[in-house]
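Okay, structure first, notes after.
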Amino acid sequence: MRTVAQKHVIRMHPSIKRSFCKSCNIILISGQTCRIRFRSRSEKHTVVTCLHCGTMKRFMWRQNYNLWLDRPEAWLPNKKATVKS
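Residue numbering for the sequence shown follows my numbering, starting at 600 and increasing by one per position.
Here it is in structure tokens:
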């Protein structure tokens with residue numbers, strides 16, 4: 600799925616993007632292909648470690664954080680095309 604999105608220059612939704620390892624492209628399944636840990640040293644965050652290659656992903660737990668897709672400026676204004684007869 601990731602290679603198809605890259606080939607056609609399509610952005611994947613963040614929830615789908617987070618379920619793949621960035622370096623080895625394996626799907627991350629908790630307990631089978633990845634390890635999930637919750638840390639709270641400087642700032643609370645989740646650490647997802649790929650068991651195949653060892654790559655780590657960190658996701659912060661910020662209260663006011665919004666994904667780019669959830670922001671209004673991410674969407675183009677909806678313009679209706681006028682048809683000339």
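In this text, a Cβ means the ideal position worked out from N, Cα and C, and glycines have one as well.
Coil, strand or helix - residue i by DSSP
i: residue 647; result: strand
i: residue 622; result: coil
i: residue 572; result: Outside the modelled stretch of the chain, which goes from 600 to 684, sits residue 572, for which no answer is possible.
Candidates the options, of which the one nearest residue i by Cα
i: residue 635; options: 623, 654, 669 and 642; result: 654
i: residue 657; options: 676, 625, 633 and 675; result: 633
i: residue 618; options: 629, 667 and 674; result: 629
i: residue 669; options: 627, 648, 612 and 603; result: 612
i: residue 614; options: 640, 667, 674 and 648; result: 667
i: residue 648; options: 641, 642 and 637; result: 637
Residue i versus residue j - alpha carbon distance
i: residue 631; j: residue 651; result: 10 Å
i: residue 602; j: residue 642; result: 33 Å
Residue range of the unbroken beta strand (DSSP E) whose run includes residue i
i: residue 633; result: 633-638
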